[in-house]
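Asks: Chains as they are written, first to last, in this note's numbering: chain R, 2 to 286; chain P, 2 to 286. Quick reminder that beta carbons are idealized off the backbone N, C-alpha and C, glycines included. Just so we're clear, the structure is a prediction, and the values are computed from it rather than from any experiment. Next up is a structure, given as structure tokens.
There are 2 protein chains.
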Amino acid sequence: MAIVVKGADVAGSIKEDIRVRITELEKNGKKPKLMMISVGDDPANASYERGILKVFGELGIETEKTVLDAGISQEGFDEAFTGVNEDSSITGILVFRPLPKPLSIEFAAKTIDPRKDIDCMGYYNQAALSMGRKDCYYPCTAEAVIRFLKYEKIDLAYKNVVVIGRSIVVGRPLVSMLISENATVTCCHTKTRDISDRISNADIVVTAAGSRALLKGEMLKNASPNLFCIDVGINMREDGKGICGDIDFETVEPLCEKITTVPGGVGSVTSTLLAEHVVRGAEQM
Amino acid sequence: MAIVVKGADVAGSIKEDIRVRITELEKNGKKPKLMMISVGDDPANASYERGILKVFGELGIETEKTVLDAGISQEGFDEAFTGVNEDSSITGILVFRPLPKPLSIEFAAKTIDPRKDIDCMGYYNQAALSMGRKDCYYPCTAEAVIRFLKYEKIDLAYKNVVVIGRSIVVGRPLVSMLISENATVTCCHTKTRDISDRISNADIVVTAAGSRALLKGEMLKNASPNLFCIDVGINMREDGKGICGDIDFETVEPLCEKITTVPGGVGSVTSTLLAEHVVRGAEQM
């Protein structure tokens with residue numbers, strides 16, 4: 002039976018560290034603070050925001066939200082963004098995206114203070130990430146995967162990792178981060194000939210495709226017996242009752258050494274990483 | 002016997018296209034112009050510069066070079082860079098890097114006009130590349146690999162590509178570009194357990210490690226019979242007489258369908274791509 006690596010445990014260890022760092026900041030008279038920026042009030046963001054408020058509340062990190070008029074002009078948005086960007090009491094900025102059309106994120110992405118760019122929306126951090134620099138912020142969901150591996154004390158040198166999915170927010174940055182961590186990485190996607198063949202000799206498989214039961218046990222015939230399967234997918238369950246990941250848990254679990262679940266896995270670590278980034282922002286100011 | 006795909010042929014087809022586009026630009030009263038910026042006069046850049054001048058001369062594209070004092074201050078460099086960046090007669094900028102210490106490229110990377118950033122040194126283009134956007138400039142050497150594949154009319158969907166090397170200028174951007182082109186990509190490097198295992202079922206192998214005879218015939222046992230091997234490496238030959246690539250040509254050539262050589266391969270296309278970018282810069286102005 003595989004060990005289920007729990008998001009709550011990974012998040013818990015990060016929170017412990019965050020608490021120490023907040024105490025340290027307080028000694029120096031510094032205070033982390035998150036500003037969320039939303040244009041209009043998209044209900045799609047509600048559950049994400051609730052998750053953030055819960056974690057930040059638990060850690061005692063201040064949050065504020067700027068809700069801009071749904072019909073705001075580009076100049077108005079850029080001006081409001083600049084105000085937040087230049088406010089020295091704000092140590093992290095989260096813009097709920099995508100912005101309603103025809104607003105563009107361009108100006109914000111170009112000008113955001115890299116130290117406040119906690120969700121890696123700015124060109125500087127995206128460029129730094131793609132160049133393999135480790136002093137930048139990573140997109141939280143992709144970083145959460147790395148944190149699961151670190152929590153399990155896995156050294157990625159000489160390990161084969163398969164990432165299924167090539168999205169801008171998870172698959173692509175994850176490939177870059179894993180290469181920086183010395184993993185040998187294969188990126189599979191909808192145009193891959195034979196994913197099970199690409200998984201041969203894999204030590205770690207990460208599913209981030211958003212496709213229910215994408216990874217099945219029969220695909221793991223030639224994978225390592227010490228396989229770790231990490232599920233980043235979020236899909237509606239077939240019966241409509243809640244969410245599930247990309248991994249067909251029933252058939253995959255018996256064939257690997259470690260596995261994560263959805264819910265209860267990667268998704269439950271992202272808000273904690275956002276909090277960590279806001280604290281890091283404060284440390285850098 | 003493998004077909005040797007020649008850099009001169011690939012460059013030739015790009016030059017043909019460039020000539021048509023320059024004629025088109027002239028009709029609209031536009032003119033491409035490259036500005037090279039060098040701090041001091043590093044002899045390491047001499048052969049690169051000679052190659053550029055040869056290609057640009059052949060195509061009739063104007064070039065100019067700004068040589069800044071080796072002891073220039075950061076402010077002085079940034080100011081000189083801004084002058085070139087804002088000069089509307091310049092449609093492409095090439096800064097010879099690395100800059101001598103302690104000069105930083107930071108300001109230039111942040112402010113360069115994306116349309117003039119022909120060598121992908123700016124954050125905007127690096128970010129766009131990593132996000133899989135195709136409207137940006139790619140680093141020329143990595144792009145040259147893609148052009149060899151396009152010249153051979155290879156559709157990368159459902160193809161397995163192995164990239165050996167993870168440098169900032171070739172390996173990493175190439176991985177990102179290949180994913181955008183629908184290839185299933187594996188990135189191997191010095192911390193890869195067994196490169197020959199990772200090559201199993203590969204359709205294309207790109208060597209960009211800078212390590213003589215890194216890829217040997219014995220490593221290709223399970224690769225596709227239609228294998229295309231592309232060599233980006235540049236190394237001194239063992240006998241000291243000239244350069245060679247990363248591929249052990251003698252043992253690899255009999256086992257693949259197509260192959261490139263060093264010299265005469267990828268390296269001979271990069272200056273032509275730089276010219277293409279300067280022309281594209283002019284088209285966007």
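1. Just verifying my parser: in three-state terms, what is the DSSP assignment at R:D70?
2. List the endpoints of the continuous alpha helix (DSSP H) containing P:I91.
3. Quick one: is P:A109 near chain R, going by C-beta distance under 7 Å?
4. What's the call for P:Y125, buried or exposed, on a 16-neighbour Cβ count within 10 Å?
5. Whose C-alpha, out of P:F250, P:R281, P:V279, P:I113, is nearest the C-alpha of P:A3?
6. Use the C-beta contact count for R:M37: other C-beta atoms within 10 angstroms, 16 or more gives buried, fewer gives exposed.
7. Helix, strand or coil for R:T273, going by three-state DSSP, please let me know.
8. So with CB distances below 9 Å, who are the chain P contacts of R:V176?
9. Please list, in chain order, the chain P residues whose beta carbon lies closer than 8 Å to that of R:M220.
10. Residues of chain R with CB closer than 8 Å to the CB of P:S131, please, in chain order.
11. By the criterion of Cβ-Cβ separation under 9 Å, what are the contact partners of R:R213 in chain P?
12. For P:E254 and P:D42, what's the separation of their Cα atoms in angstroms?
13. Which one of P:L215, P:I19, P:D118 has the shortest CA to CA distance from P:I62?
14. What's the call for P:T92, buried or exposed, on a 16-neighbour Cβ count within 10 Å?
15. List, from N- to C-terminal side, the alpha helix (DSSP H) runs of 4 residues or more that fit wholly inside the stretch 138–225 of chain R.
16. Can you look up R:I235 in the DSSP assignment and give me helix, strand or coil?
17. State whether the stretch 133–149 of chain P contacts the stretch 171–179 of chain P, with contact taken as three or more CB pairs (one from each stretch) at a distance under 8 Å.
18. Assess, as a yes-or-no matter, whether the stretch 83–102 of chain R is touched by the stretch 87–104 of chain P under the definition of 3 or more beta carbon pairs within less than 8 Å.
19. Please report the Cβ distance between P:S272 and P:I53, rounded to the nearest whole angstrom; I am assuming they are in contact, meaning their Cβ atoms lie under 8 Å.
20. Using a Cβ-Cβ cutoff of 9 Å, what residues of the stretch 82–110 of chain R are near chain P? List them in chain order.
21. How many angstroms separate the CA atom of R:T185 from the CA atom of P:E76?
22. Just by C-beta distance, which residues in the stretch 133–150 of chain P are closer than 8 Å to chain R?
23. Suppose you measure from the CA of R:K242 to the CA of R:D10; what does that come to, to the nearest Å?
24. Where R:C245 and R:I235 are concerned, what is the direct C-alpha to C-alpha distance, given to the nearest angstrom?
25. Short of 8 Å Cβ to Cβ, which residues in the stretch 236–256 of chain P face chain R?
26. Check each candidate in P:V163, P:R167, P:R238, P:K217 and name the one with the smallest Cα separation from P:D204.
27. Just to make sure I have the definition right: I need the residues of chain P whose C-beta is within less than 7 Å of the C-beta of R:T67. Which are they?
28. Rounded to whole angstroms, how far is the Cβ of P:L274 from the Cβ of P:A145, which I believe are closer than 8 Å?
29. Given that a residue counts as buried once 16 or more other Cβ atoms are within 10 Å of its Cβ, and exposed if not, what is P:P33?
30. With a threshold of 7 Å between beta carbons, is R:R1 in contact with chain P?
31. So, with DSSP's three-state summary, where would you put R:E258?
32. Going by C-alpha to C-alpha distance, which of P:G218, P:R51, P:P115 sits closest to P:K66?
33. Check whether the Cβ atoms of R:E258 and R:N227 sit closer than 7 Å, and answer yes or no.
34. What is the rounded straight-line gap between the Cα of P:F57 and the Cα of P:K16?
35. Quick check: the Cα distance between P:S89 and P:M178, rounded to an integer number of angstroms?
36. With 7 Å set as the bound, which would you pick, yes or no: does the beta-carbon of R:K192 sit closer than that to a beta-carbon of chain P?
Replies: Looking at the coordinates:
1. coil
2. Unbroken run through P:I91: none, as it is neither H nor E.
3. no
4. buried
5. P:F250
6. buried
7. helix
8. V176, S177, I180, V186, C188
9. Here the premise fails: no neighbours, minimum Cβ distance about 14 Å.
10. Q127, A128, L130, S131, R173, P174, S177
11. What R:R213 touches in chain P: nothing, since even the nearest Cβ is about 21 Å away.
12. 40 Å
13. P:I19
14. buried
15. 141–152, 172–181, 196–199
16. coil
17. yes
18. no
19. 5 Å
20. A110
21. 41 Å
22. G133
23. 25 Å
24. 6 Å
25. none
26. P:V163
27. Residues of chain P passing the Cβ test: none, with the nearest at roughly 25 Å.
28. 6 Å
29. buried
30. Because chain R in this structure spans residues 2 to 286, residue 1 of chain R falls outside the shown range and cannot be described.
31. coil
32. P:R51
33. yes
34. 10 Å
35. 30 Å
36. yes
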